[in-house]
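Working notes, beginning with the structure itself.
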Amino acid sequence: GDKANQLVLDEFERTFKLLGGQALRNRIEHAQIIAVEDLPRFAELKVLPSMQPTHATSDMNMAEDRLGKARMEGAYAWKTLLNSGIPMPLGSDFPVELANPFYGLHAAVTRQDRNNQPVAGWYPEQAMSIQQAFKGFTLDAAYAAHMEDSLGTLTTGKWADFILVDQDIFKVKPQDIWKTKVVQTWIAGEKVFDANATTN
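Following this line, the structure appears as structure tokens:
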């Protein structure tokens, strides 16, 4: 919750002053409920707020009742955090949530569940662009793990780990992102899955 995030940020700040370590890319997992005054501290302290977008759409039916309207301003505040300039690694939180990254991309961009509810999105002012969400699941996640030189983009010299999908997530309607299917999976430059392959 917001108090826990505040305590952790306070301890990071104290530790950095005493011992350093700010360059270690420290992060807070599930940094989803934050006091408004603490939102800019992530960028100031260079502490990465790791988020799981489907948590917002799983929690939306009860979050406001449990947190109160006032505290929602700092809850699931993805756009505010990104606008502060801090990278925001994204993940699924599997097995609590399903591992499918397209569910997370859909939730990040639409702030809707897979029934595309609510129609306008839940607190839609905090939605990410598809480019921001994609970066969160790829390059920002690699950066958080100190692996951006090997992972996160399709670049010469990096690992050839990638997937081919059945639709362009940058062109389809945002409400349809979650329907994306993997056609092929490649690991280290070798095809390890082909949805169209026949089995004997």
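Reminder that position 25 of the sequence shown reads as 50 in this note's numbering, one-by-one numbering, no gaps.
We treat Cβ as the ideally placed atom computed from N, Cα and C, and that holds for glycine.
Span separating the alpha-carbon of residue i from that of residue j
i	j	result
residue 212	residue 186	4 Å
residue 11	residue 27	For residue 11 there is no data in the structure shown, the boundaries of the chain being 26 and 225.
residue 169	residue 123	21 Å
residue 138	residue 195	19 Å
residue 31	residue 161	23 Å
residue 202	residue 131	5 Å
residue 209	residue 80	28 Å
residue 34	residue 66	7 Å
residue 61	residue 102	9 Å
residue 225	residue 219	Low per-residue confidence applies at residue 225: pLDDT is 46, beneath 50, and the placement is therefore not dependable, though the value from the model is reported in the following sentence. So the alpha carbons of these two residues sit roughly 14 Å apart.
residue 95	residue 58	12 Å
residue 179	residue 90	43 Å
residue 56	residue 215	36 Å
residue 174	residue 51	18 Å
residue 54	residue 68	15 Å
residue 92	residue 118	21 Å
residue 176	residue 163	8 Å
residue 104	residue 110	10 Å
residue 151	residue 221	38 Å
residue 114	residue 29	19 Å
residue 83	residue 147	11 Å
Cβ-heavy atom distance, residue i to the ligand NAP, below 7 Å
i	result
residue 163	What this structure holds is no ligand at all, so the ligand NAP is not there to describe.
As assigned by DSSP and simplified to three states, the class of residue i
i	result
residue 69	helix
residue 75	strand
residue 61	helix
residue 41	helix
Local Cβ density within 10 Å of residue i, reported as buried at 16 or more and exposed below that
i	result
residue 217	exposed
residue 116	buried
residue 75	buried
residue 121	exposed
residue 145	exposed
residue 149	exposed
residue 159	buried
residue 39	exposed
residue 165	buried
residue 182	exposed
residue 99	buried
residue 77	buried
residue 43	exposed
Selected residue, minimal CA-CA separation from residue i, among the options
i	options	result
residue 71	106, 81, 158 and 55	106
residue 206	127, 172, 141 and 136	127
residue 135	36, 40 and 85	85
residue 47	73, 141 and 78	73
residue 204	140, 82, 176 and 172	140
residue 154	142, 133, 143 and 87	133
residue 64	88, 87, 49 and 108	108
residue 200	189, 171 and 129	129
residue 156	36, 193 and 87	193
query: Unbroken beta strand (DSSP E) runs of length 3 or more, entirely within the region 137 to 211: which are they?
result: 187 to 190
message: At 4 residues or longer, what runs of the alpha helix (DSSP H) sit wholly inside the region 72 to 132?
response: 78 to 84, 88 to 92 and 103 to 108
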